[in-house]
Amino acid sequence: MLQYPNTQPDSYCPFCGVILHYTPFAPIKCPFWFSAIRAVFVKGTASDTVALTGVGYLASRNILRAPVDSKSSCKDENPTVDITLFRTSDSCWGYGFHDACWRLFLACLPDIDEADIIKPLFRFFWSTECPRFSIFSLGHDYAGATEMQKRSLPGEPFKLSLFFYADPSYVPPFEDLKDLASTSQFHAQGVEHDYSSTPRERTSPLENLPVELLYMVSSYLSLKDVLGLRLLSRPFYRLLAPEELPQSFWKTRFMVPHEQDFIFPDFTTSQEDWFRLFLGVDEYLNDKSKSLPGSKNLINRKRVRGLIEPIARLLEVKIRIRGQPYGVRITPRTKYEYVCSDSQARQQLGSHLRISRIFGGQLASQDYQNQLTEGCRPVEYMVARFPTRTMEPDFPNEVRISVVKIANNKYVSGIRIARSPPAAAFPSEIGYFMPGETIIRLPDQDEIRTLEVVFSATGLRGIRFIYSSGASSPWAGQFRGEGLARGLIQLESSAEYDIIAGLDYYKIIELGLVAKNGDTAEEPNRIVSRLWSPMVPNSRNIRITPLRPSLNVRPFEPIIDMNFAGSNGWLLPMLKRVVVHMVSDFQSVVGFSFVFEKHTLSLGKTGEAELSAVIDGPGGERITNLQVLGYEFRYEQRMRGCQIGTNYSRNIVFSAIPRFPHLQKDSELLELPKNYSVTGLIATKDADDNTLQKLGLQGHPSKNHSSSESKRIRDLSQELRESQVEYDKVFAVTINVLTQGDFCTYAPFESVRRITASTGSEGRSRTPCNVSGLRFDYHDEWHCPTIVGQWMNELDAFELDQGERIEGLTVWLSTESCYRTVNPVEPGRVIAIRIDSSSKRHKIFKADNVDISLEEYKQQQYQSNLRENLTAISWILNGTFDRVRAVIQLVNPAIPPPILIPQHDVPFDQAQKLFFEITDQTSRLDKLVQMVAHVRNNEVLGVSFDYQSGCRKSMGYTDIPNLIEYSIGLTDYEDILVFEVEIWRERIIRIEFETRRSNGDPSSLEGTRKSLFRSPGNKGDWTSTWCATEAIAAKMPVKQALSCQYIFPEDAKLVGLYVACQEFSRIGGVFQSMDI
């Protein structure tokens, strides 16, 4: 259920899943049926006496105040007791449920006394996991109630219109139900039956039965099957028509296990019209508008009855059998050592038992005082004989497996091996035996060589036997499903074994073997020593590394088999790409995808971020090692990512930008022996959120070493990561989402041959209208291809010639104004990307249905200039947003960089620059002759500089429709005294200059005013002014309160203008020291 920080979670009824409503008032003052609550409880932690309370109410979220007398309620003036629910206490504690559900539960067990029910029921709850002491985990979501009851806040009102909140104990009067009876539209278990269907012409041997006998047989069938029988022949079509069926048939519809067994009518009534009652109830259940009074109650009653039925049947069997588990009781000392106290059995077992192999679920403490919040809890351990081959020729050669159903799950509760006559002192049966055992016939000549077991965190779910011939038995129990893991318990032909089982009150939760000839536990890294999911690898030659980080091993921690290369690695030459699915910094890796030439293999879950690395499998590149990147927090190690190494000397890092670098603690390098090839990964999952908790490698002996020889290539993306990650750690704040990690990817612009774009995909973190990533291929064959962003669906490509450089990068982002970030920047996703080359060519990557418009999308622009080059791309992403920037470096690092006034913080510190003087292709000086403002809707969207040679340099929007150009001329004998910009709502609405002739009076404070553009209508809310001297600044009028003045630095001159790459309205001056 949805939990809230620092609050006590709500408690929910274990029968129906509806909230146990907290109210400070007694039920007599509360209108809700789900406020009237009972409990089965004990007093203190040492007591074994279970009692049932009367009807009470919650005095707090987990404290029930109820009468001690089960026949009373808080409406009466009887003594009450406070009971702690779903957790132990030194006083009274127990398990609460609705009084309405309790009455339905008793109705399901009419032949059993209430006093006989409460102790088995208490033990059932005690043995069932209850996460966060809130709601029991029974393998279902209570028919939708779990999801539908989620609330944004603890005090948020209930949606009482939902049928879950209708009182299931209420049944409309039978006369009202019968009044609605109609045969015009007949419903059977939600399936409408068409009476116009023509029955088959052929006859059936059942037609020879007397009509009475036919009706009696029909009463054991479901109504759906009876209606199907009508189509067998024409006589059946008439005899089995609903209106022809006798009242005795319709009476059985209200009995277990038929369609309306949730009504619980009085069967002693002889005058009841059962047919009309059935039709009336059916009409209520199919009232789609839920407008009939009581229809919601009946629907909820049917739901609750279905949830209670498996629990009632389990307890009924347990109460009627009243037996202790089979086997000889033993006491554990360690996981692999047990002590037998039975004197007769000790003669055959010895006083100490050494376990050769044992598997189990997520075992909690055996301490009675602790409430079970996950997994299962052992109550006692038993041992029995386990003959692997037939001892007596004439004795039945079989194994009987008892399977018990607990709510929606099946478990193995007992095993009886009938290969020899039973021995009085030492039996060959173990566990609990319920009606309906599964019988497995064993081959006479074969010996049992392996027990294949299926466990979940809550116990043994299934078992089968594998024989010396290689054949296997059918499965008994459940062997497929979510959260299941398999293990192999292998037997040696020369050894004799006993079987050991750990039990709770209802099922087997541990299973192992005792070798009588002293066989001991195997090494922990052997394949058969662990549970595996989904299956145990079938190769005997597989080798695995240790799992890292080295957290404590949980009792139930199956290894996930992530073999991606197939048997003996035959798919390795076809591997093209590795994708790591990640979420956040603290719970990082959730899955992997391995992309081959013709297919993709996905292991684990799809994450919020998909980080890709190109692998040259066809060229011989192979994964050779793995390092788990982790951190240590509160004495626990956690995985924050991984580093994959290849034989091409590449170390590819998959991790979020570290938010707490001082906590980082990475594992050692995991490698296989040199004669092994890495063919897969191994992993374990976190029990709470299904993220991968530990990682390791698996491999097979390598048959061909020549195809995977080592060589060295250049992977500049990792060098960029090391040099840029500190900057991007600050830059990433612009897209930060509290619950998500931020990931940075890099690609160099050096020697690019091809740029290919990818768009998003439906159902993933980026949609088809987003550009999700770019792939860079290079002319240099020693430079590996690199992917930035996320690679999902290939779009198109842009080819570059040898020597052609990338000189411009423009990114269009969607704006997500509903999100707030630390910096005043609206986060977004990439809509389009433009690449400009040194050959005056460009390419825009965007989806076909995307129309780039200024009003809808935000543009960010990077470009090379006289003194700076674009050398790489940085693409930062998380599960929701993207931020893309260029890496800018000086052409000549020996020359100090220009001075920007004002200087902005990240992310606005990177700037596009236009200089008043540039050099042409012949290295001659090319001077500015004209400034141009590109205006639309009275807003300056771009600025261009025109030079003497006819060359034009631009920044901002200069090539979109409906732009108007405004220009001013500047000569090389003019000095700029004043530069002024006015901003209105982050839009530039005025740019003006004041110039003076270079040969004029240097002491003069007056100049010629030149307006590049002035908006005729809007008045700005911010003005920035740059003045050559303090004297000039002093004479400038203050136009509004929000204004700022800057003085040209001493010994520096104004050489150009700049705008922030991330925000065009952040404009300023570029200054250069006069000493250069």
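Count along the sequence shown starting at 1, add 214, and that's the number in the numbering used here. Built from N, CA and C at the ideal position, the CB exists for glycine as well.
Handout entry: Cβ-based burial, residue 197 [other Cβ within 10 Å; buried from 16]
Key = Summary: the structure shown does not reach residue 197, with the chain confined to residues 215 through 1290, and so no result is reported for it.
Exercise for the section: Assign residue 767 to buried or exposed, taking buried as 16 or more other Cβ atoms, counted over all protein chains shown, within 10 Å of its Cβ. Expected result: Looking up residue 767 in the sequence shown gives position 553. With fewer than 16 Cβ atoms within 10 Å of its Cβ, residue 767 is classed as exposed.
Practice task
Grab me the residues of residue 477's own chain with a C-beta within less than 7 Å of its C-beta, minus the 5 sequence neighbours each way, in chain order.
Solution key: Taking the sequence shown and counting its residues from 1, one reaches residue 477 at position 263. Hits under 7 Å: 385, 468 and 495.
Handout entry: Alpha-carbon spacing of residue 723 relative to residue 543, whole angstroms
Key = Taking the sequence shown and counting its residues from 1, the one referred to as residue 723 is at position 509. Taking the sequence shown and counting its residues from 1, the one referred to as residue 543 is at position 329. Rounded to whole angstroms, residue 723 to residue 543 spans 15 Å at the Cα level.
Problem - Three CB pairs or more closer than 8 Å across the region 777 to 785 and the region 859 to 870 - result: no
Problem - DSSP-derived helix/strand/coil call for residue 272 - result: Translated into the one-based positions of the sequence shown, residue 272 becomes position 58. Strand, per DSSP.
Practice task
Can you grab the Cα-Cα spacing for the pair residue 999 / residue 1126, in whole Å?
Solution key: Within the sequence shown, numbered from 1, the residue matching residue 999 stands at position 785. Within the sequence shown, numbered from 1, the residue matching residue 1126 stands at position 912. Computed Cα separation, rounded: 28 Å.
Exercise for the section: Using 10 angstroms around the beta-carbon of residue 744, count the other beta-carbons present and answer buried if the total reaches 16, otherwise exposed. Expected result: Within the sequence shown, the letter at position 530 stands for residue 744. Buried.
Problem - Burial state of residue 772, where buried means 16 or more other Cβ atoms lie within 10 Å - result: Within the sequence shown, numbered from 1, the residue matching residue 772 stands at position 558. Buried is the call here.
Exercise for the section: Label residue 1258 either buried or exposed according to how many other C-beta atoms from any shown protein chain fall within 10 Å of its C-beta, with 16 as the threshold for buried. Expected result: Along the sequence shown, read from residue 1 onward, the residue named residue 1258 stands at position 1044. The residue in question, residue 1258, is exposed, as its Cβ has fewer than 16 Cβ neighbours within 10 Å.
Problem - Cutoff 8 Å: residue 886 Cβ touching any chain B Cβ - result: Chain labels in this structure do not include chain B; a single protein chain is all it has.
Exercise for the section: Spatial neighbours of residue 655 within its chain, please: CB distance less than 6 Å, with the 5 preceding and 5 following residues excluded, ordered by chain position. Expected result: In the sequence shown, the residue the question calls residue 655 occupies position 441. If we look at residue 655 and ignore the five residues flanking it on each side, its Cβ neighbours are 612.
Exercise for the section: Going by DSSP, name the residue or residues bridged to residue 727. Expected result: By one-based count along the sequence shown, residue 727 stands at place 513. Its beta-bridge partners are 571 and 713.
Problem - Segments assigned alpha helix (DSSP H), at least 4 residues, entirely inside the region 467 to 554 - result: 488 to 499 and 509 to 535
Problem - Secondary structure of residue 331, DSSP reduced to three states - result: Here residue 331 is taken as the residue at index 117 of the sequence shown, counted from 1. Correct three-state label for residue 331: helix.
Handout entry: Limits of the beta strand (DSSP E) - the one that residue 1050 falls within
Key = Along the sequence shown, read from residue 1 onward, the residue named residue 1050 stands at position 836. Per DSSP, residue 1050 belongs to the beta strand (DSSP E) from 1044 to 1051.
Handout entry: Alpha-carbon to alpha-carbon, residue 506 and residue 452
Key = For this step, residue 452 is matched to residue 238 along the sequence shown. For this step, residue 506 is matched to residue 292 along the sequence shown. Approximately 33 Å, taken between the alpha carbons.
Practice task
Per DSSP, which residues does residue 386 bridge with? Please list them.
Solution key: Residue 386 sits at position 172 when you count from the first residue of the sequence shown. According to DSSP, residue 386 bridges with nothing at all.
Practice task
Could you tell me which of 308, 848, 751 and 840 sits nearest to residue 882, measuring between CA atoms?
Solution key: Position 668 of the sequence shown holds residue 882. Closest option to residue 882, Cα to Cα, is 840.
Problem - Residues near residue 381 in its chain [Cβ-Cβ closer than 7 Å; skip 5 each side] - result: Indexing the sequence shown from 1 puts residue 381 at position 167. Only 247, 314 and 511 meet the Cβ criterion.
Exercise for the section: Grab the span of the beta strand (DSSP E) containing residue 347 for me, first residue to last. Expected result: Taking the sequence shown and counting its residues from 1, one reaches residue 347 at position 133. That residue, residue 347, is in no beta strand (DSSP E); it is neither H nor E in DSSP.
Practice task
Verify whether the separation of the beta carbon atoms of residue 529 and residue 338 is less than 8 Å.
Solution key: One-based indexing of the sequence shown puts residue 529 at position 315. One-based indexing of the sequence shown puts residue 338 at position 124. Taking 8 Å as the Cβ cut-off, residue 529 and residue 338 qualify as a contacting pair.
Exercise for the section: Check residue 757 in the structure and name its three-state DSSP category. Expected result: As a position in the sequence shown, residue 757 is number 543, starting the count at 1. In the structure shown, residue 757 sits in a strand (DSSP, three-state: E or B).
Exercise for the section: Compute the distance between the beta-carbons of residue 802 and residue 853, then report whether it is under 8 Å. Expected result: The residue labelled residue 802 in the question sits at position 588 within the sequence shown. The residue labelled residue 853 in the question sits at position 639 within the sequence shown. Yes, the Cβ-Cβ distance between residue 802 and residue 853 is below 8 Å.
Exercise for the section: Consult DSSP for residue 1264 and reduce its assignment to one of helix, strand or coil. Expected result: One-based indexing of the sequence shown puts residue 1264 at position 1050. Correct three-state label for residue 1264: coil.
Exercise for the section: Any chance you could list the alpha helix (DSSP H) runs of at least 4 consecutive residues sitting entirely within the region 829 to 855, in chain order? Expected result: none
Exercise for the section: Figure out for me which residue from 829, 502, 461 and 497 has the closest Cα to the Cα of residue 485. Expected result: Residue numbering aside, residue 485 sits at position 271 when the sequence shown is read from its first letter. Taking only the C-alpha atoms, the option nearest residue 485 is 461.
Exercise for the section: Using three-state DSSP, classify residue 927 as helix, strand or coil. Expected result: The sequence position of residue 927 within the sequence shown is 713, counting from 1. Of the three classes helix, strand and coil, the one that applies to residue 927 here is coil, per DSSP.
Problem - Pairwise C-alpha distance: residue 794 and residue 979 - result: Against the sequence shown, residue 979 aligns to sequence position 765. Against the sequence shown, residue 794 aligns to sequence position 580. The alpha-carbon atoms of residue 979 and residue 794 are separated by roughly 14 Å.
Handout entry: Residue interval of the beta strand (DSSP E) (run including residue 1040)
Key = Here residue 1040 refers to the residue found at position 826 of the sequence shown. Where residue 1040 is concerned, there is no enclosing beta strand (DSSP E), given that its DSSP letter is neither H nor E.
Problem - Counted within 10 angstroms of its Cβ, other Cβ atoms place residue 312 as buried (16 or more) or exposed - result: Here residue 312 refers to the residue found at position 98 when the sequence shown is read from its first residue. Flag for residue 312 reads buried.
Problem - Among 965, 1189, 1272 and 1155, the one whose alpha carbon lies nearest that of residue 1143 - result: The sequence position of residue 1143 within the sequence shown is 929, counting from 1. Of the candidates 965, 1189, 1272 and 1155, the one whose C-alpha sits nearest the C-alpha of residue 1143 is 1189.
Exercise for the section: Identify whether residue 1238 lies in helix, strand or coil by the three-state DSSP scheme. Expected result: Sequence index remark: in the sequence shown, residue 1238 carries index 1024 (1-based). Correct three-state label for residue 1238: strand.
Problem - Cutoff 6 Å; reference residue 927; Cβ partners in own chain excluding five residues on either side - result: As a working mapping, residue 927 is identified with position 713 in the sequence shown. Cβ within range, chain order: 862, 996 and 998.
Practice task
Give every residue of the same chain whose Cβ lies closer than 7 Å to the Cβ of residue 973, excluding the five residues on either side of it in the sequence, and list them in chain order.
Solution key: Reading the sequence shown from its first residue, position 759 is the one you call residue 973. Closer than 7 Å at Cβ, skipping near neighbours: 982, 984, 985, 986, 1006, 1007, 1009 and 1061.
Practice task
Buried or exposed for residue 570, please, with buried defined as at least 16 other CB atoms from any protein chain shown within 10 angstroms of its CB.
Solution key: Mapped onto the sequence shown, residue 570 falls at position 356. Flag for residue 570 reads buried.
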